[in-house]
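Here the first sequence is numbered in UniProt numbering, starting from 1 and rising by one per residue.
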Amino acid sequence: MKAKAGSRAGDSRLAVKKSKAEKDPNKPKRPPSAFFVFMDTFRKEYKEKHPDVKQVSVIGKAGGEKWKSLSDAEKAPYAAKAEKLKAEYAKKIDAYNNPQAGEASGDSDKSKSEVNDEDDGSEGDE
DNA sequence: TTGTTGATTGTTGGA
DNA sequence: TCCAACAATCAACAA
1 MKAKAGSRAG
11 DSRLAVKKSK
21 AEKDPNKPKR
31 PPSAFFVFMD
41 TFRKEYKEKH
51 PDVKQVSVIG
61 KAGGEKWKSL
71 SDAEKAPYAA
81 KAEKLKAEYA
91 KKIDAYNNPQ
101 AGEASGDSDK
111 SKSEVNDEDD
121 GSEGDE
């Protein structure tokens, strides 16, 4: 799996920093994948167990190994959250691609929709 | 002082 | 269909 990682490592981030200024401020950021959602929690736990370890590289490796050791059931909650974020990202991207669509609808004053995504009621899936 | 690097995986978007 | 770019994090080092 390192085969692909090799390409990304370095080049991608380098481009990010350089082109960051050229990025569109209105463009929504990509939603964190299930792995990143897991990492958010994992980092906190790792820091508690290893307060001396502050190297993100080390935490990243540890998180990667832990992630692989997790079962689908363990990843489920993280994947579910990632999907939710992905759905919100889709809406933002749609608004970004069609900014007039939202204005034309006059949703500006009506901040309805969204929000309720927390308890949309689809929880009873399992 | 400010900016980049280091590593991880997943997801998305473009070609 | 496949590849490249980008998402968070933060100490540490370099210019």
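Just so you know, even glycine gets a beta-carbon here, dropped at the ideal spot from N, CA and C.
- Nearest Cα to isoleucine 59 within the set Ala87, Ile93, Asn98 and Phe35: Phe35.
- Its Cα nearest to that of tryptophan 67, the residue Val37 stands out among Val37, Ser57, Gln55 and Glu48.
- With contacts defined by Cβ atoms closer than 9 Å, alanine 62 and tyrosine 46 form a contacting pair.
- With fewer than 16 other Cβ atoms inside 10 Å of its own Cβ, proline 51 counts as exposed.
- Taking the CA atoms as reference points, tyrosine 89 sits about 13 Å from asparagine 26.
- With contacts defined by Cβ atoms closer than 9 Å, proline 32 and aspartate 40 form a contacting pair.
- In this structure, the straight-line span from the alpha carbon of lysine 29 to that of glutamate 74 is close to 26 Å.
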